[in-house]
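In the UniProt record's numbering, the protein residues as written are 1 to 341.
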């Protein structure tokens, strides 16, 4: 006889308690023995202020990109626009939408709180921004993006994000310049330390973006700006009258920036002449110098203290130099390339 089979089974206290709890759970779903099945969350996570800012920029960027494409006339209904038509062409809108998509990618895309769909009764999260109804509304979205990027650049302490926001600020501003020119509308003022661009970028007076805050440049930025001055002055000597005036005005403005830095205690240029030969055109030398100066100013801006007047002043200088580069034929996509974080 197998006595083990007839022996009463004894449970430990823990086993008995678990069995009782499981039995209760079968009778009362989601209740008993303190065991509760986790209910799906119905509220979206709270974003940090930094993440909220990026989310705001991303949602505005998505509206700009989709809005620009939505304003392009369908091929089946498109009619050639008269030469006197006001506004950006379909080609210009397509390029704007492409640059906008690049910016959105650099920002990391639009945050989706429920990738698989919101649970019943859950907070669906921020609604998409409405698409601009016309090109004037698209310009207004760009102006708001300019302001948001300006504030973000001024306040950000993280170097990588500071560089991204400053690059976005320049990109938004150049797109707003172009669209305002096409619409024959003035740009909106961006605040006491910001930039108020004219309807036509070429109409901007040299140094009009400067502020009362002294901009003390690094040795690298000083050399880069002096190189830009040197190449524009040399190119002016061989240019026709109209082009000569434009080059001399750019050189004078660059000289003003250098003088401003010297008066504030900044270093002088370490190199007084630069390579020059016929392998490249005057315009190519000036373009290369303008891009180098823009990159150097961006580095100075990133190194400046967050929230300081110097950073705001450097941001204005950065945009002004980027506009100079654009006016000499550098496309917006070649200036301050955007790298996803």
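Think of the CB as a built atom: it goes at the ideal place given N, C-alpha and C, for glycine as much as any other residue. None of the values given here were measured: they were computed from a predicted structure.
Residue i versus residue j - alpha carbon distance
i, j, result
"residue 151", "residue 315", "11 Å"
"residue 112", "residue 230", "50 Å"
"residue 217", "residue 272", "17 Å"
"residue 329", "residue 287", "7 Å"
"residue 140", "residue 270", "44 Å"
"residue 97", "residue 43", "33 Å"
"residue 336", "residue 254", "19 Å"
"residue 134", "residue 185", "14 Å"
"residue 154", "residue 148", "10 Å"
"residue 274", "residue 106", "35 Å"
"residue 104", "residue 168", "10 Å"
"residue 123", "residue 47", "14 Å"
"residue 285", "residue 327", "14 Å"
"residue 189", "residue 181", "15 Å"
"residue 304", "residue 162", "10 Å"
"residue 119", "residue 69", "32 Å"
"residue 159", "residue 301", "10 Å"
"residue 317", "residue 187", "18 Å"
"residue 340", "residue 101", "12 Å"
"residue 228", "residue 257", "11 Å"
"residue 49", "residue 117", "25 Å"
"residue 323", "residue 45", "40 Å"
"residue 252", "residue 175", "26 Å"
"residue 247", "residue 241", "10 Å"
"residue 66", "residue 319", "26 Å"
"residue 259", "residue 310", "16 Å"
"residue 312", "residue 179", "24 Å"
"residue 74", "residue 308", "48 Å"
"residue 266", "residue 115", "51 Å"
Within 7 Å, strictly: CB atoms of residue i and residue j
i, j, result
"residue 296", "residue 221", "yes"
"residue 145", "residue 172", "yes"
"residue 325", "residue 299", "no"
"residue 224", "residue 321", "no"
"residue 306", "residue 156", "yes"
Residue i burial status per 10 Å Cβ neighbour count (16 or more: buried)
i, result
"residue 294", "buried"
"residue 334", "exposed"
"residue 226", "buried"
"residue 279", "exposed"
"residue 121", "exposed"
"residue 268", "exposed"
"residue 245", "exposed"
"residue 277", "exposed"
Among the options, nearest to residue i - alpha-carbon criterion
i, options, result
"residue 64", "154, 94, 74", "94"
"residue 137", "265, 153, 88", "88"
"residue 249", "264, 233, 259, 262", "233"
"residue 345", "46, 121, 187, 243", "Because the chain spans 1 through 341 in this model, residue 345 falls outside it and cannot be assessed."
"residue 72", "86, 277, 66, 90", "90"
"residue 85", "116, 163, 117, 183", "183"
"residue 353", "116, 120, 115, 177", "Since the first residue of the chain shown is 1 and the last is 341, residue 353 is not available in this structure."
"residue 331", "70, 170, 69, 160", "170"
"residue 264", "175, 74, 49, 215", "215"
"residue 338", "50, 74, 228, 99", "99"
"residue 219", "261, 313, 240", "261"
"residue 239", "259, 281, 266", "281"
Near the ligand ZN: residue i beta-carbon under 6 Å from a heavy atom
i, result
"residue 96", "In terms of ligand content, the structure shown is empty, and the ligand ZN therefore cannot be addressed."
Item to check | Contact the region 117-137 vs the region 48-64: 3+ CB pairs below 8 Å | outcome: yes
Next on the checklist: Quick test of the definition: if touching needs 3 or more C-beta pairs under 8 Å, does the region 101-116 touch the region 43-56?
Outcome noted: yes
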